[in-house]
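Encoded as structure tokens, the structure appears first; notes follow it.
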Amino acid sequence: MSPTLLPAICAAFSLLAAPGQAQSVLPALPADTAALTATLRQHWQQSDFPGFAVAVVRPGGIVYAHGFGYADKARRRPYTPATVQCVGSVSKTLIGVALLQAAAAGQLRLDQPVNELLPFRVVNPYFPDQPITLRHLATMTAGLTDKQGFYNRRAYARGHSAPLSNAEYLRRTLSPGGKWYHRRRFVPHAPGTYYAYSNESAALAALALEKATGQSYDAFTRQRILLPLGMTDSGWRFADIDPARSATLYDPRGRVIKPYYTITYPDGGLLTSTHSLALYLRGILNPASPGAPLPPAAVDSLLRPQFSAAHPPRHLDPAEPNQGLFWAHRRNGTVGHTGGDSGLTSFLFFDPATRTGKIFVTNTEVHDSPRSLAQFKAIWQLLDQLP
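Numbered per mature numbering (1 follows the signal peptide of the UniProt record, and there is no 0), the sequence shown spans residues -22 to -1, 1 to 365.
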């Protein structure tokens, strides 16, 4: 996720009521999904979103999915639940799933020092004798911190492929002696004691997984998560995606954004559809569903709050007071992740009490303005009205 979009994403969620509170401020429940679809279409017509798709998911399956507007405005190609685009940092949730799959196979341990797996050493220069573990990386408490200007310059490439591998980018950036190494990549707090959102933490966890399993992250997640769930339209490279189903991305002023590639692709480069995200979320909500990537006990490990009330890390975001393994626990009780980057926004969350999940994906940015945030809020809360 681009650090520049984090404030807007957080602001969008700060507007939303806690589960069970939204109904009192919403219009009457639609009589059927046709009414919901008509209302959502009206919201699209009044919005700045080129196109978007939404889905509502329960343990039994996908109970609603629909697209609105355009995947490509010039060609008037409709945006549908089958439209494919990058979903930003929602991608990180797959890293947590993959880590637990590898742990179940005995290939790694969550509390294992990451330097036992990496091809180069990564240490917090302020606390060089305290190891960084995979659990630290998965909860954003490893002591790494993205530097916005540097990350925006170095972690993206124009076009459809990257000039560097994820491993080489991380070696140059985080390994002492690396071309781009600097102490400022770290915070002066011991691992496990300070929360700092970091794309590079996620990318580093994926690299450690590669070394532990002997497979590329791309191949591992395709074989162990995407294909078993039926996410056949999904992948990490543009070459894996049908261009006829791909969305064109737009900036907030409606201008086309040329294709770009995230070098640290595990942290935000998943290309997928809203329908496939719904299959993925169903697999988390119902471990007995077809292709579900984890058994019930592992899902519990994935989602369980990692921070104790007695000794939480410092600098926690009040809107996200706890973390699973790359799954955020929101103050309103929902669990999931957001995604934001140039020309895209995604939200994937579920309510543990109702076991109902919601997904929203659009081919532009929900940006930090009252109009944009209100448009998203209205759409997101309408999904709560589904019978």
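By construction, the Cβ of each residue, glycine as well, lies at the ideal position given by its N, Cα and C atoms. Owing to the predicted nature of the structure, the values given are computational and were not obtained by experimental measurement.
Beta-carbon separation (whole angstroms), residue i vs residue j, contact threshold 8 Å
i, j, result
"L280", "L78", "6 Å"
"Q90", "T119", "So it is not a contact: roughly 15 Å between Cβ atoms."
"L95", "L148", "13 Å between Cβ atoms; not a contact."
"D211", "V62", "6 Å"
"A33", "I40", "6 Å"
"N144", "A181", "6 Å"
"L257", "L207", "5 Å"
"P291", "Y175", "Going by Cβ atoms, the distance from P291 to Y175 rounds to 12 Å, so no, they are not a contact pair."
"P59", "T252", "5 Å"
"W158", "R132", "7 Å"
"residue 368", "E298", "The first residue shown for the chain is -22 and the last is 365, placing residue 368 beyond what the model contains."
"L88", "Q363", "That pair is no contact at about 39 Å."
Neighbourhood of residue i by C-beta, 6 Å cutoff - its chain only, sequence neighbours within 5 removed
i, result
"F325", "T316, F338"
"R215", "none"
"F304", "K70, T71, I73, G74, A116"
"P271", "V75, I203, G261"
"P109", "P91"
"P348", "none"
"T340", "F27, F30, T323"
"Q301", "T117, Q284"
"A356", "H21"
"L86", "A80, A190"
"A168", "F105, Q108"
Boundaries (first-last residue) of the alpha helix (DSSP H) holding residue i
i, result
"H114", "112 to 116"
"D196", "195 to 199"
"V75", "70 to 82"
"R349", "348 to 360"
"Q23", "11 to 23"
Endpoints, beta strand (DSSP E) assigned at residue i
i, result
"D319", "313 to 319"
"I337", "334 to 340"
"residue 367", "In the structure displayed, the chain extends from -22 to 365; residue 367 sits before or after that span and is not available."
"Q63", "62 to 64"
DSSP bridge partner residues for residue i (one or two, in chain order)
i, result
"I40", "V35"
"R136", "Y238"
"H307", "N300, V313"
"P56", "Y48"
"S224", "V62"
"G105", "One point to set straight first is that residue 105 is Phe, not Gly, in the sequence displayed. Answer by DSSP bridge pairing: none, since F105 is not bridged."
"G213", "L249"
"P141", "Beta-bridge pairing links P141 to no other residue."
"G29", "G47"
"P230", "Bridge partners of P230: none, in fact."
"L122", "F164"
Cβ neighbours of residue i in the same chain (closer than 7 Å, five flanking residues each side left out)
i, result
"V234", "T226, Y228"
"E188", "S194, Y195"
"A183", "I73, L77, L112, L115, A116"
"L142", "I241"
"G247", "C64, S69, W214, T240"
"G269", "P206, L207, G208, G261"
"S179", "L115, M118, A120, L122"
"R161", "P103"
"R54", "Y48"
"S25", "Q353"
"A140", "Y239, I241"
"S224", "V62, Q63"
"L294", "Y173"
"R282", "G302"
"V165", "G121, T123, Y172, A174"
"V100", "V92, N93, I110, L152, S153, L182"
"L259", "V35, L326, F328, G335, I337"
Cβ shell of residue i (< 8 Å), same chain only, five flanking positions each side left out
i, result
"R19", "F46"
"G38", "N264"
"P296", "R309"
"D220", "V62, D211"
"V277", "I262, P265"
"T171", "T119, P291, R292"
"R333", "R36, P37, L263"
Below-8 Å beta-carbon distance, residue i vs any chain B residue
i, result
"R19", "Among the protein chains of the structure shown there is no chain B, as only one such chain exists."
(request) Please go through the stretch 235 to 301 and give each complete alpha helix (DSSP H) segment of 4 or more residues, from N-terminal end onward. (result) 252 to 263, 274 to 281
(request) Please list the segments of the alpha helix (DSSP H) lying wholly inside the stretch 144 to 202, counting only runs of 4 or more residues, in order along the chain. (result) 144 to 152, 177 to 191, 195 to 199
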